[in-house]
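Inspection log for the structure reproduced underneath, given as structure tokens.
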Amino acid sequence: MKRILLIAFLLLVVLFFLKLIPFWFLFIPALLYLVAIAVGSYFIQLNYFLVSFNKSTKQEKKIALTFDDGPITEKTLHLLDLLKAEDVKATFFLIGKNIRGNENVVRRIVEDGHLVGSHSYSHTNAFPLFSKEKIMNDIAKGNEAIERVTGRNVLWFRPPFGVTNPNIAKAVTELKLQSIGWSIRSYDTVINDEQKLLSRLEKTKAGDIILLHDWGAKTLAVLPSFVSKYKALGFEFVGVDELMRK
Numbered sequence: 003m004k005r006i007l008l009i010a011f012l013l014l015v016v017l018f019f020l021k022l023i024p025f026w027f028l029f030i031p032a033l034l035y036l037v038a039i040a041v042g043s044y045f046i047q048l049n050y051f052l053v054s055f056n057k058s059t060k061q062e063k064k065i066a067l068t069f070d071d072g073p074i075t076e077k078t079l080h081l082l083d084l085l086k087a088e089d090v091k092a093t094f095f096l097i098g099k100n101i102r103g104n105e106n107v108v109r110r111i112v113e114d115g116h117l118v119g120s121h122s123y124s125h126t127n128a129f130p131l132f133s134k135e136k137i138m139n140d141i142a143k144g145n146e147a148i149e150r151v152t153g154r155n156v157l158w159f160r161p162p163f164g165v166t167n168p169n170i171a172k173a174v175t176e177l178k179l180q181s182i183g184w185s186i187r188s189y190d191t192v193i194n195d196e197q198k199l200l201s202r203l204e205k206t207k208a209g210d211i212i213l214l215h216d217w218g219a220k221t222l223a224v225l226p227s228f229v230s231k232y233k234a235l236g237f238e239f240v241g242v243d244e245l246m247r248k
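Sequential numbering of the sequence shown, starting at 3, is according to this note's numbering.
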């Protein structure tokens with residue numbers, strides 16, 4: 003992309019000096035570059051800065067539920083009860099600072115057979131603006147908080163807000179973590195209508211990774227219906243590790 007924009011800029015410079023285009027045309031590549039940066043940062047599925055696993059390409063009827071931002075005591079425990087009752091597995095991306103006081107919840111997640119990944123330690127709005135070193139320290143601190151409770155190395159990471167950039171990419175790569183994105187964004191944090199949320203979830207197809215949050219009442223309300231319908235259709239709910247298997 004950068005090479006294409008550079009070539010386009012040089013071509014426009016030549017055309018400008020030949021007096022074939024006005025001066026303001028020279029700003030077009032810069033504008034396109036800024037747009038590409040913004041879009042590439044926001045849409046993790048584009049793998050623009052960081053290669054993430056967003057979906058299985060195999061045509062097996064397997065899908066992965068993923069839950070961000072926990073653990074949140076009673077709400078996460080309620081979700082775990084629901085998942086256990088439905089006999090489905092999921093992947094939890096935990097915020098490190100939320101673990102203190104919720105160690106029993108984290109242990110329950112692991113004991114129930116679910117996967118645990120990191121969602122950073124702070125999950126602050128400023129996370130994408132951090133330097134590479136600060137990002138690495140934040141992620142490492144989150145990993146340590148998880149590993150202290152689970153006794154297992156953290157292998158998977160989901161960037162806060164799903165935003166990626168060069169510093170995040172370098173940090174994740176140096177920490178040897180696998181970035182996990184998604185192919186179905188539920189928008190369960192903003193959709194207020196349960197039926198609309200369920201309709202969005204029902205767009206799920208084989209191999210999809212679904213982004214959810216374990217603190218939303220609407221999520222907990224619609225999940226049983228969604229799981230029941232997809233199990234009846236022959237789908238299996240698995241951890242992201244199983245979707246990644248070749």
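The C-beta atom is built at its ideal place from N, Cα and C for all residues, glycine as well.
Predicted model, so just to flag it, every value in this text is computed and none were measured.
- Note on geometry: alpha-carbon atoms of L52 and V41 lie some 13 Å from one another.
- The DSSP-derived three-state label of I211 is strand.
- Between the stretch 200-208 and the stretch 73-92 there are fewer than three C-beta pairs closer than 8 Å, too few to call the two in contact.
- Nearest to A173 by C-alpha distance, out of W158, K134, G153 and V224, is K134.
- Within its own chain, the residues whose Cβ lies closer than 7 Å to the Cβ of T78, once the five positions on either side in sequence are excluded, are G72, V107 and D216, listed in chain order.
- Partner residues in the beta bridge of T93, as assigned by DSSP, are T68 and L117.
- For R202, the three-state secondary structure derived from DSSP is helix.
- Assigned with DSSP and collapsed to three states, F45 falls in coil, not helix or strand.
- The beta carbons of A223 and E196 sit about 5 Å from each other, so the pair counts as a contact at 8 Å.
- When only Cα atoms are considered, G98 and T75 end up about 14 Å apart.
- Sixteen is the threshold: when 16 or more other Cβ atoms of the shown chains lie within 10 Å of the Cβ of R160, as they do, the residue is buried.
- Counting only the Cα atoms, P24 lies some 48 Å from L177.
- Of the residues T206, P168, K248 and E105, the one whose Cα lies closest to the Cα of Y50 is P168.
- Within the stretch 152-185, the runs of alpha helix (DSSP H) that reach at least 4 residues and sit entirely inside it are, in chain order, 168-176.
- Here S54 carries a strand assignment [DSSP, helix/strand/coil].
- The alpha carbon of H121 has as its nearest neighbour, out of L131, D140 and N104, the alpha carbon of D140.
- Looking only at E105, G218, P162 and V240, the smallest Cα-Cα distance to S43 is reached by P162.
- Counting the other CB atoms within 10 Å of its CB gives Y123 a total of 16 or more, which places it among the buried residues.
- Taking the C-beta atoms as reference points, I137 is found no nearer than 8 Å to V118.
- In the structure shown, F129 falls within a helical segment according to DSSP collapsed to helix, strand and coil.
- Within its own chain, the residues whose Cβ lies closer than 6 Å to the Cβ of W158, once the five positions on either side in sequence are excluded, are G119, Q180 and I182, listed in chain order.
- DSSP places D195 outside any alpha helix (DSSP H), giving it a letter other than H or E.
- Shown here for H125: same chain residues with a beta carbon closer than 6 Å to its own, the five before and five after excluded, namely I97 and P162 in chain order.
- A Cβ-Cβ separation of about 15 Å leaves S188 out of contact with Q47 under the 8 Å criterion.
- By the C-beta density criterion, V192 is exposed, having fewer than 16 other C-beta atoms within 10 angstroms.
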